[in-house]
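Novice:
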Amino acid sequence: MTHFTMITYAGVLDPKDEQLKERFFEKFLPDTTPGIYEDICRQGRDLMYKDFASDLSFQMSMQCGDGFVLTSSAKRSPMDDNVHGCQLRLRQPQLSLDFKFDTTKHVSAIVSFPGVLGCDVNPVLKVCYPFRDSSFNLDALYRQAGFRAIASMHPVRGDALVSLSGLFGSRRLNYGGLMKMNLGNEVPNFYSLGCSFNTEAFSCGIQCNSHAQVLMLLNHKLEPCSLFRDAVRRTNLGGDLYDLLARTTPSQTMVGAQAIHCLATGSSVVMVGCEYADPSTRFKLRVGSSGILSAVVKHKFFGSAWVALKSHFNLRNIRAAPRLGLSISIGEASSSSS
Numbered sequence: 057m058t059h060f061t062m063i064t065y066a067g068v069l070d071p072k073d074e075q076l077k078e079r080f081f082e083k084f085l086p087d088t089t090p091g092i093y094e095d096i097c098r099q100g101r102d103l104m105y106k107d108f109a110s111d112l113s114f115q116m117s118m119q120c121g122d123g124f125v126l127t128s129s130a131k132r133s134p135m136d137d138n139v140h141g142c143q144l145r146l147r148q149p150q151l152s153l154d155f156k157f158d159t160t161k162h163v164s165a166i167v168s169f170p171g172v173l174g175c176d177v178n179p180v181l182k183v184c185y186p187f188r189d190s191s192f193n194l195d196a197l198y199r200q201a202g203f204r205a206i207a208s209m210h211p212v213r214g215d216a217l218v219s220l221s222g223l224f225g226s227r228r229l230n231y232g233g234l235m236k237m238n239l240g241n242e243v244p245n246f247y248s249l250g251c252s253f254n255t256e257a258f259s260c261g262i263q264c265n266s267h268a269q270v271l272m273l274l275n276h277k278l279e280p281c282s283l284f285r286d287a288v289r290r291t292n293l294g295g296d297l298y299d300l301l302a303r304t305t306p307s308q309t310m311v312g313a314q315a316i317h318c319l320a321t322g323s324s325v326v327m328v329g330c331e332y333a334d335p336s337t338r339f340k341l342r343v344g345s346s347g348i349l350s351a352v353v354k355h356k357f358f359g360s361a362w363v364a365l366k367s368h369f370n371l372r373n374i375r376a377a378p379r380l381g382l383s384i385s386i387g388e389a390s391s392s393s394s
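My numbering numbers the first residue of the sequence shown as 57 and each following residue consecutively.
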């Protein structure tokens, strides 16, 4: 075994062995786009934050025609703000359109033309009323790099905002940076640098910004094989139940952690979470150093309706009433709604 390792190591360093060099780069630097800077640890952020909003919401979607989807929604936030809206979406190979309006007199239209400037460039124009919410995005994805440029306005002051970001490397190993500039005000610009490492079962990333903050995120997808599952299958009854139920319901379990450290104050915030998902049920749990325990349970009914129950408990104040939330989604967008 040692002899094989030495031959492989020498072959990687030997420029004459082109075959071993190609295998090395295919494994550690695959020829795939790394995405954009905002994609760093996106899966870990979704694990920690997605679906946890403690509001009451209802959403219903229906297919209206070839590529058209009509969505009606209603939401009540903890601030007792009731928002009702309607959204019309069109998805075509070279055109994507989202038109949305709600009871807060906010109207927006998002138009994107994927592939119109090349297969790797995606321009997105967002026109809103009030106009200060409008923006223009330009994404460019290449084999070993991904770029994003955003031009927008401050929603209160109306100052021009420009955001530029780039990510280099591959999907497995990448590094990049983000810069946000305020062109019409003396507010300091925002800078961020980060890198990430990703495999099929594990991903981790680190980011540091001009606010003297360091963010670390990691998540791990547990393997289907486990000591607990093997112990259950060794028993007669457990083996029969596993063969009857578990094989027909493939599941996935993921764990993650996040740590934010402020270099200026020396304070840190830590959060850990886990997620269990199968075709009809999703369960998420997270707890932070602030003492807040949050849980979400989502279940699919009738093949197209998702019902989610959300709760937040303050472990440092047991007598405090928990915050509860309920979300119902019916139709095409059910699986992706929070």
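Just so you know, even glycine gets a beta-carbon here, dropped at the ideal spot from N, CA and C.
1) Between the Cα of A376 and those of K106, C142, S367, spot the shortest distance and give me the residue it belongs to.
2) Roughly how many angstroms separate the alpha carbons of D189 and G233, rounded to a whole number?
3) Check for me: the beta strand (DSSP E) holding R132 runs from which residue to which?
4) Quick test of your reading: I96 and S346, contact by CB under 8 Å. State the CB separation rounded to the nearest angstrom.
5) Does any C-beta atom of chain D lie closer than 9 Å to the C-beta of F357?
6) To the nearest angstrom, report how far apart S191 and R372 are at their CA atoms.
7) Using a Cβ-Cβ cut-off of 6 Å (strictly less than) and excluding sequence neighbours within five positions of A130, which residues of its own chain qualify?
8) Taking C-beta to C-beta, are A361 and C318 nearer than 9 Å?
9) Might you give, ordered along the chain, the residues of its own chain that have their beta carbon closer than 6 Å to the beta carbon of D155, omitting 5 neighbours on each side?
10) If you measure between the beta carbons of D158 and K354, is that distance less than 9 Å?
11) Among residues of its own chain, excluding the 5 on either side of G123, which ones have a beta-carbon nearer than 6 Å to its beta-carbon?
12) Let's test the definition: count the other Cβ atoms within 10 Å of the Cβ of F258 and tell me whether it reaches 16, buried, or not, exposed.
13) Starting from D401 and walking both ways along the beta strand (DSSP E), at which residues does that stretch end?
14) Here's the rule: buried if 16 or more other CB atoms are within 10 angstroms of the residue's CB, otherwise exposed. What is P86?
15) Per DSSP, C260 forms a beta bridge with which residues?
16) Whole angstroms is fine: what's the gap from P306's alpha carbon to G381's?
17) May I have the straight-line CA-CA distance separating R338 from E331, to the nearest angstrom?
18) Please report the distance separating the alpha-carbon of I92 from that of K236.
19) Classify Y93 as helix, strand or coil using the three-state DSSP reduction.
20) Roughly how many whole angstroms lie between the Cα atoms of N275 and G202?
21) Does the beta-carbon of D195 have 16 or more other beta-carbons within 10 angstroms, so that it is buried, or is it exposed?
22) So, for V35: in the same chain, excluding its five sequence neighbours on each side, which residues have a beta-carbon less than 6 Å away from its beta-carbon?
23) Specify, as a first and last residue, the run of the beta strand (DSSP E) that N138 falls within.
24) Going straight from the alpha carbon of G329 to that of I374, what length do you get?
25) Going by DSSP, what residue range makes up the beta strand (DSSP E) through D158?
26) What separation, rounded to the nearest whole angstrom, lies between the Cα atoms of K83 and L229?
Specialist: Based on what the coordinates show:
1) S367
2) 25 Å
3) Run containing R132: 124-132, per the beta strand (DSSP E) assignment.
4) That belief does not hold up - the Cβ atoms of I96 and S346 are roughly 24 Å apart, past 8 Å.
5) Among the chains in the structure shown there is no chain D, since it carries only a single protein chain.
6) 42 Å
7) F114, H140
8) no
9) Position check: residue 155 holds Phe in this sequence, whereas Asp was assumed. L144, A165, listed in sequence order.
10) No, the Cβ-Cβ distance between D158 and K354 is not below 9 Å.
11) L146, R147, Q148
12) exposed
13) Residue numbering for the chain in the displayed model covers 57 to 394; residue 401 lies beyond these limits and cannot be assessed.
14) Confidence is the limiting factor: at P86 the pLDDT is only 49, short of 50, which leaves the residue's position unreliable, though a coordinate-based value still follows. Exposed.
15) According to the DSSP secondary-structure assignment, C260 is paired through a beta bridge with F253, L274.
16) Their backbone Cα atoms lie some 28 Å apart in a straight line.
17) 7 Å
18) 15 Å
19) helix
20) Distance between the alpha carbons of N275 and G202: 23 Å.
21) buried
22) With the chain represented from 57 up to 394, any question about residue 35 goes unanswered, as that position is not in the structure.
23) That run of the beta strand (DSSP E) goes 138-148.
24) Near 21 Å, if we compare the C-alpha coordinates of I374 and G329.
25) 151-158
26) At K83, the pLDDT of 49 sits below 50, so the modelled position is not reliable; the number obtained from the coordinates is stated separately. Using only the alpha carbons, I get a separation of about 11 Å.
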